[in-house]
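Comments concern the structure below.
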Amino acid sequence: MDKRDIQEIVRNEVIKSVIDSQGFIIAGNWKMNKTKHEVISFLDEIKDHDFGSKNTIIIAPPSPYLYLFEDKLRYSQVLYGVQNLFPKETGAFTGEVSYVVAKDFGAKYAILGHSERRTLFSECDLLISKKVRICIQNQIQPILCIGENLEQRKSGDYKRYLTNQIKEGLIRISGSEIKEVIIAYEPIWAIGTGETATPLQVEETHMFIRSYLVKEYGTEIGKEIPLLYGGSVKTSNIKELALAQSVSGFLIGGASLEASAIIEMNSILSNK
Ligand code: PGA
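One point on numbering: in my numbering, the residue at position 247 of the sequence shown is 251, and numbering is uninterrupted.
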């Protein structure tokens, strides 16, 4: 065996032990995709699949399909959520979906403040913070998305921008409630572009966010808040990204549309 073979064996062992050492969240954000028939065949493919107990699988479909998720995933390991919520219980809010409706269909999670909501629908931190609050009050786990655009990244000022998004988004949440929140770091320049942040960039940014959380909420809580990475994650790069420190899982758009990809990503993050 030459030196390179030995290095390869050692590297594979290190990768295996890092992946073995934690459970990952694999969250799919379907955005505005899929027809009813496509949803049914996706759900039929995953509903009885044995994902093991290590990772948590979550899918956020367009809300009209929630009834299918409730029906098909009743006895499944796969959990589901919504892509957005309006921070009121009921009332004259044309086109919006409330937590009451989401809960009625068994949704356990809500993606909030996604960059597409922030940029295309002008959502501000104030509105997002109200959404986070109503979720926490009603036992829906918020996945608060943050992320800088390319200009902010290049300016070098993106860390200030990220901490501001976290601070404003969580302003209505008490220290003890913080542990119910999931944060997803999604650099806008990597969403849907095929240009993934490098594992080094992910690690560096996640470590920065982690240290901010520890500083704000104390070590015990700050180190436990799940921190997802999102932006062009797929079966071919998920393993490398999982090795980056402080990555608790992934928020996945395009690559979550295929049931086989979700199954494969879970296998990769289970060392199978
Ligand atoms: P992508 O989307 O995986 O297609 O880049 C991620 C997201 O927007 O959550």
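Think of the CB as a built atom: it goes at the ideal place given N, C-alpha and C, for glycine as much as any other residue.
With 16 other Cβ atoms within 10 Å as the buried cut-off, status of residue i
{"i": "Glu120", "result": "buried"}
{"i": "Met36", "result": "exposed"}
{"i": "Val14", "result": "exposed"}
{"i": "Phe97", "result": "exposed"}
{"i": "Thr60", "result": "buried"}
{"i": "Arg214", "result": "buried"}
{"i": "Pro68", "result": "exposed"}
{"i": "Met269", "result": "buried"}
{"i": "Val18", "result": "exposed"}
{"i": "Thr209", "result": "buried"}
{"i": "Ile83", "result": "Correcting the residue type first, residue 83 is Leu in the shown sequence and not Ile. The residue is buried, with at least 16 neighbouring Cβ atoms inside 10 Å."}
{"i": "His118", "result": "buried"}
{"i": "Glu152", "result": "buried"}
{"i": "Ser260", "result": "buried"}
{"i": "Leu130", "result": "exposed"}
{"i": "Val136", "result": "buried"}
{"i": "Gly286", "result": "With the chain covering 5 to 276 only, the question about residue 286 has no answer from this structure."}
{"i": "Gly198", "result": "exposed"}
{"i": "Asn33", "result": "buried"}
{"i": "Glu104", "result": "In the sequence under discussion, the amino acid at residue 104 is Val, which differs from the Glu named in the question. Per the 10 Å Cβ criterion, exposed."}
{"i": "Tyr79", "result": "exposed"}
{"i": "Ala10", "result": "The residue asked about is misnamed: residue 10 is Ile in this sequence, not Ala. Classification for Ile10: exposed."}
DSSP bridge partner residues for residue i (one or two, in chain order)
{"i": "Cys139", "result": "Cys139 pairs with nothing; no bridge assigned."}
{"i": "Gly234", "result": "Leu255"}
{"i": "Ile195", "result": "The partner list for Ile195 (beta bridge, DSSP) is empty, contrary to what the question assumes."}
{"i": "Asn33", "result": "Ala64"}
{"i": "Ala114", "result": "Val86 and Pro146"}
{"i": "Tyr189", "result": "Ile150 and Tyr233"}
{"i": "Ser102", "result": "Phe90"}
Proximity test, residue i beta-carbon vs the ligand PGA heavy atom, cut-off 8 Å
{"i": "Glu120", "result": "yes"}
{"i": "Ser236", "result": "yes"}
{"i": "Arg35", "result": "According to the sequence displayed, residue 35 carries Lys and not Arg. For the ligand PGA, at least one heavy atom lies less than 8 Å from the Cβ of Lys35."}
{"i": "Leu148", "result": "no"}
{"i": "Ala259", "result": "yes"}
{"i": "Ile266", "result": "no"}
{"i": "Ile187", "result": "no"}
{"i": "Ile195", "result": "yes"}
{"i": "Glu152", "result": "no"}
{"i": "Asp190", "result": "A small fix is needed here, since residue 190 is Glu in this sequence, not Asp. Checking the Cβ of Glu190 against the ligand PGA gives yes."}
{"i": "Ile256", "result": "yes"}
Between the stretch 166-182 and the stretch 200-207, do at least 3 Cβ pairs fall closer than 8 Å?
-> Under the 8 Å Cβ criterion, the stretch 166-182 does not count as touching the stretch 200-207, having fewer than three qualifying pairs.
contact_flag[the stretch 125-139, the stretch 72-84] where n(CB pairs < 8 Å) is 3 or more | They do not touch, by the three-pair rule.
Flag this pair as touching only if the stretch 88-95 and the stretch 136-148 have three or more C-beta atom pairs under 8 Å; answer yes or no.
-> By the Cβ rule, the stretch 88-95 counts as touching the stretch 136-148, because three or more pairs are nearer than 8 Å.
Inter-stretch contact (C-beta, 8 Å, three-pair minimum) for the stretch 244-258 and the stretch 22-29 = Counting Cβ pairs under 8 Å, three or more are found: they touch.
Touch check for the stretch 216-231 and the stretch 150-160: three-plus C-beta pairs under 8 Å?
-> The way I'd put it, the stretch 216-231 doesn't touch the stretch 150-160; fewer than three beta-carbon pairs between them come closer than 8 Å.
Between the stretch 189-198 and the stretch 233-249, do three or more beta carbon pairs fall short of 8 Å?
-> Enough Cβ pairs lie closer than 8 Å, so yes.
Spell out a yes or no on whether the stretch 162-178 and the stretch 223-230 are touching, meaning 3 or more CB-CB pairs, one atom from each, closer than 8 Å.
-> Short answer: they don't touch.
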